[in-house]
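Read the structure below first, then the notes.
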Amino acid sequence: MSEAEKVNFDESGLVPVVAQDAATGDVLTLAYANREAVETTLSSGEAHYYSRSRDELWRKGATSGNTQRVVEVRLDCDGDALLYRVNPEGPACHTGEKTCFFTVLSDEAVEGKGEIGFGEMVERLAATLADRHRDMPEESYTAELLGRGTDRVAQKVGEEAVEVVISALRDDRLAEETADLVYHLLVLLEERGVGIGDVAKVLHDRHR
Ligand SMILES: [Zn+2]
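Numbering (numbering that gives the first Met the number 0), first residue to last: 0 to 207.
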């Protein structure tokens, strides 16, 4: 039995597929697949979908070059939706955006709550630090720190680590001091050219 037998295709023979960046967790696209697309994805390791507008099997990136290497295919609880966890080669969206979900409708509703996860915050911060490193704007503390080289950045990480220790022992301002340490640690990673994805991979391998 082909693994695709487990999928409950709808009356048109299609199943919705969410494509997710396996490294960052970003949701990239919602698309559809038919049986052939699912089977071809499973056998080739390249994301295949079904184009409803063109009415044909479609290998992601066939024309754009923005292919998606599939790391894992998951079936949802009642078998009627799929998750492709992928390593994207270039942007997922035809507009050139990394993800199709670049339009935020809920900005105000989400603001107020301030519930942004640690992982996402680290990613945003790392992206900002990479921008500063590239542009090196004069007024930027990050750029100034990066300009002073590895020794200075590493020393700052050491100082901030000590402040975290002191703060923990005094039971005071631990979140603030930890934030300072994480920031400086990310600057050090940026300065050394080590991506947060590299660190995540080590953690993930150990966590298995
Ligand atoms: Zn799109």
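Think of the CB as a built atom: it goes at the ideal place given N, C-alpha and C, for glycine as much as any other residue.
Q: Less than 8 Å between the CB atoms is what I'm expecting for Glu45 and Thr66, so what's the real figure, rounded?
A: 6 Å
Q: Let me have the residue list for ligand 1: C-beta closer than 7 Å to any non-hydrogen atom, ordered along the chain.
A: Thr28, Ala91, Cys92, His93, Thr94, Glu96, Cys99
Q. Under the three-state reduction of DSSP, which class applies to Leu134: helix, strand or coil?
A. One detail in the question is off: residue 134 reads as Asp in this sequence, not Leu. Helix at Asp134.
(Q) DSSP three-state label for His47, please. (A) strand
Q. Are the beta-carbon atoms of Lys155 and His132 separated by less than 7 Å?
A. no
Q. In this structure, what does DSSP give as the bridge partners for Gln19?
A. Val26, Arg84
Q. Do Ala32 and Tyr48 have their C-beta atoms closer together than 7 Å?
A. yes
Q | Length of the line joining the Cα atoms of Leu188 and Ile195 | A | 8 Å
**Q.** Nearest to Ser1 (by Cα), restricted to the options Asn86, Glu162, Thr39
**A.** Sorting Asn86, Glu162, Thr39 by C-alpha distance to the C-alpha of Ser1 places Thr39 at the top.
Q: Quick one: give me the first and last residue of the beta strand (DSSP E) that Leu104 is part of.
A: Here Leu104 belongs to no beta strand (DSSP E), and DSSP marks it neither H nor E.
Q) What residue from Asp204, Ser63, Arg51 has the CA that sits closest to Leu29's CA? A) Comparing Cα-Cα distances from Leu29 to each of Asp204, Ser63, Arg51, the minimum goes to Arg51.
Q | Under the three-state DSSP convention, the category Arg215 falls into | A | Residue 215 is absent from the structure shown; the chain starts at 0 and stops at 207.
Q. When DSSP builds the beta bridges, which residues end up paired with Val14?
A. Ala32
**Q.** Close beta carbons around Val70, own chain, < 8 Å, minus the five adjacent residues each side
**A.** Ala21, Arg84, Val85, Asn86
**Q.** Limits of the beta strand (DSSP E) - the one that Val72 falls within
**A.** 67-74
Q. Are Thr102 and Leu27 close, meaning C-beta to C-beta below 7 Å?
A. no
Q: Determine the direct distance from the alpha carbon of Leu185 to that of Leu124, and round the result to whole angstroms.
A: 8 Å
Q. Given Asp179, which residues of its chain have a CB within under 6 Å of its CB, disregarding the five upstream and five downstream residues?
A. In chain order, Glu159 place their CB closer than 6 Å to the CB of Asp179, counting only its own chain and leaving out the 5 sequence neighbours on each side.
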